[in-house]
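Asks: Chains as they are written, first to last, in the working numbering: chain G, 7 to 520; chain S, 1166 to 1471.
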């Protein structure tokens, strides 16, 4: 009897918790789309972004001069007309009338200049500035005409002007807000920032003064849910309406869920095992080709990535202008061994392979599979993982200090043009520390093609140049060409009209909720 | 007592200076360049250099530390390298969430753990005792990550009773606080049991019983009060570590607390935020310890601090 009181207390506590459990949770507000995201934004200033997802959020608030649509075509947005001088150095744009920024400032040529001048200001933190460094200066002709003078001809400039970094800025906001632009975005886009609770949610509310077709959704709420498993659970339980890039093993279960729709769209995220082309052992192209023949990409995509990727058939993603399908490097371990023998490769030499872990979908597992395939042909490969900051510090060291040999990396062109991919990775002028050519590939013949592709204005001619470049690179094999990831978007079936874009972005602004 | 509290508070200053120095050196010994992380994998060396200068990372280490300390004296923890916003505002936007979760969890752990431990000790070596202790063993060994996901699957996905994650209404705190409380409950229950068992064998308990006091009074007044010192120590330690951020629980339940802030900041090599959060952690830990020490004197009148 003496412990009855204690038991009573214990059960009262349990009962109270049980009752609390039945309090219904927040009901869905009208016309609100709840999207689960894995990370919070560092900044909502389009100039400070490197993460595609956060650029995507900025895009809803900041319209750009052009827009890359779902067919990977560039269409006018804030610009209405473009013309290019014969030498390709001066681009003239006519601008849309009657557009206002969220702070009431009218959109004019001054805003185009304010945005680009700010992005080009070397004193400010603009990580992707290299994307627009072909711009020499911006000239305001009149309120609705702007001229952009280039340092060298650059054919895909309209693509560049559709990127988040090129968004026009309200001159008033640039002057008055300074650093606060990171938390107080002022654009011309269909949505305005409603609320940003750090680490928790970003709420966008409809801009009722939007110049274009009125968006259908009142609010878009981005909820920060770092754990993949929880995001999946939340969309299945109805706590979220949409998520992007779920873990591949969860996709099959979600495809079977009658309440969910899964879209596996092509993307531009190209994964490769970089080879340090200037290391003694990898200087012979036959060795690099052997590595390509040794790895069974089809099996990796099927077994490790649950088929949520396409094996690469050329040195760039298919959605890029200038893509040329060369055809897969078949899995042929016998040929790989022959090539290594012909190149007199020292088989007992230990090869170092490094991989990030958690940066890309199943990155470590993919690297382990590649290590196993290379071991199969008799190579001695040691695999190490590093956290991301350590990793990028290692691969972007200059050649004299570089210790990398094989390294897994992804490259997701935000500009759907071959120049962005090929020049940015393989031109001799972009070797670290100057640029991101982490494979230290340098070939004067390829450089010439990349230069010509950048300067030529005729699309047909450019295609021809990039075909030649693709064939040359494929044969030179500066990387183990792996695969292009798919971009998976999952939403509840009652949502209609989510548009998925080719550069790992989505556009839900005209979606409807049934 | 007042003098003691003042003395203890003053003694935190050298501790904080020591911690600031250690964290400053440790952070800078980590491989990886914060400027490169902020610039991203697409940035050129020129962009990285510009960011390094902007963050003041181009200056010699001792100057960086001197700047940090002189700002600290003015209670300025600097600006986040990632977000360019003041570190204090970054911390204050998360800290209340962590404190709320820690308080609810520790309260839950006390409500469940102390009665369970008392029950176990009173009925020692009985079936009840074994059941409670086996449950406690489960509680201590269960991985938080797994437990959290299981609770989400049962209560959110299958039963639709509770939200799977996020923050906002009271129902949002139930699953994370329960997940977090399980370990502390088990720990407190075991400590209560062993501490009570020791006390229950003492002469004064036999005396109390022979006086004919009600068993309830013997247990709760005579035994529990004497057994409470180690229990309160465990509760204090548990509370301190809960305040330090329950990273896994916060991650699983999308709870925007300070644990996640520090992990994200370490991964981004955001030195100012990591330094700021560690100092705040240290301060909270010291304060919780001080409160526990003061409680000792309250529980056991034989303990004096003057």
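By construction, the Cβ of each residue, glycine as well, lies at the ideal position given by its N, Cα and C atoms.
Only a predicted model underlies this, so the values are computations on that prediction, with no experimental measurement involved.
1. In this structure, does DSSP put residue 1320(S) in helix, strand or coil?
2. Going by the beta-carbon positions, is the gap between residue 1345(S) and residue 1316(S) smaller than 7 Å?
3. On a CA-only basis, which of 40(G), 429(G), 465(G) is nearest residue 450(G)? Give me that one, please.
4. Which residue from 1414(S), 1383(S), 1468(S), 1421(S) puts its Cα closest to that of residue 230(G)?
5. Could you tell me whether the Cβ of residue 49(G) comes closer than 7 Å to any Cβ of chain S?
6. Using the three-state DSSP reduction, which class does residue 520(G) fall into: helix, strand or coil?
7. Leaving out five residues on either side along the sequence, give the residues of the same chain with a beta carbon under 6 Å from the beta carbon of residue 509(G).
8. Under a three-way DSSP split, which group does residue 106(G) fall into?
9. For residue 242(G), which residues in chain C fall below 8 Å Cβ to Cβ?
10. Enumerate in chain order the residues of its own chain whose CB-to-CB distance from residue 1289(S) is below 7 Å, with the five nearest sequence positions on each side excluded.
11. Looking only at its own chain, which residues have a Cβ that is under 6 Å from the Cβ of residue 499(G), when we skip the five neighbours before and after it?
12. If you count every other CB in all the chains shown that lies within 10 Å of the CB of residue 1334(S), and 16 or more means buried, which is it?
13. Can you tell me whether residue 279(G) is helix, strand or coil according to DSSP?
14. Pull up the distance between the alpha-carbon of residue 506(G) and that of residue 73(G), whole angstroms please.
15. Is the separation between the beta-carbon of residue 157(G) and that of residue 140(G) shorter than 7 Å?
16. Quick check: residue 484(G) and residue 447(G), are their CB atoms within less than 7 Å of each other?
17. Where DSSP assigns a beta bridge to residue 211(G), which residues make up the other side?
18. Could you check what DSSP says for residue 576(G) in three-state terms: helix, strand or coil?
19. Indicate whether residue 1423(S) and residue 1260(S) have their beta-carbon atoms separated by less than 7 Å.
20. State yes or no: is the C-beta of residue 361(G) within less than 7 Å of the C-beta of residue 396(G)?
21. Select from the segment 1396 to 1417 of chain S all residues with a C-beta closer than 7 Å to any C-beta belonging to chain G, and list them in chain order.
22. Would you say residue 170(G) faces chain S, with C-beta separation under 7 Å as the test?
23. How about residue 411(G) and residue 282(G): are their beta carbons less than 7 Å apart?
24. From 464(G), 457(G), 486(G), 426(G), pick the residue whose C-alpha is nearest to that of residue 138(G); which is it?
25. Taking residue 401(G) as the reference, which of 375(G), 443(G), 424(G), 422(G) has the closest Cα?
26. If you check the beta carbons only, do residue 1461(S) and residue 1166(S) fall under 7 Å apart?
27. Can you tell which of 260(G), 63(G), 218(G) has the C-alpha that lies nearest to the C-alpha of residue 237(G)?
28. Under 7 Å between the Cβ atoms of residue 501(G) and residue 519(G)?
29. Taking 7 Å as the CB-CB cut-off, is residue 1373(S) touching chain G?
30. Under a three-way DSSP split, which group does residue 494(G) fall into?
31. Restricting to Cα atoms, I'd like to know which of 1244(S), 1280(S), 1366(S), 1456(S) is closest to residue 1354(S).
32. Taking DSSP as the reference, what is the three-state secondary structure of residue 134(G)?
33. Using only alpha-carbon positions, find the residue among 1425(S), 1405(S), 1292(S) that is nearest to residue 1413(S).
34. Under 7 Å, Cβ to Cβ, is there at least one residue of chain G near residue 1202(S)?
35. Whose C-alpha, out of 96(G), 489(G), 496(G), 107(G), is nearest the C-alpha of residue 306(G)?
36. Counting pairs of Cβ atoms below 8 Å between the segment 214 to 228 of chain G and the segment 194 to 201 of chain G, do you hit three or more?
Replies: Result, derived from the coordinates:
1. helix
2. no
3. 429(G)
4. 1421(S)
5. yes
6. coil
7. 274, 420
8. strand
9. In the displayed structure, chain C is absent; the protein chains listed are G and S.
10. 1362
11. 265, 267
12. exposed
13. strand
14. 14 Å
15. yes
16. yes
17. 198(G), 225(G)
18. Within the shown structure, residues of chain G are numbered from 7 to 520, placing residue 576(G) beyond reach of any answer.
19. yes
20. no
21. 1416, 1417
22. no
23. yes
24. 426(G)
25. 443(G)
26. no
27. 260(G)
28. yes
29. no
30. strand
31. 1280(S)
32. coil
33. 1425(S)
34. yes
35. 489(G)
36. yes
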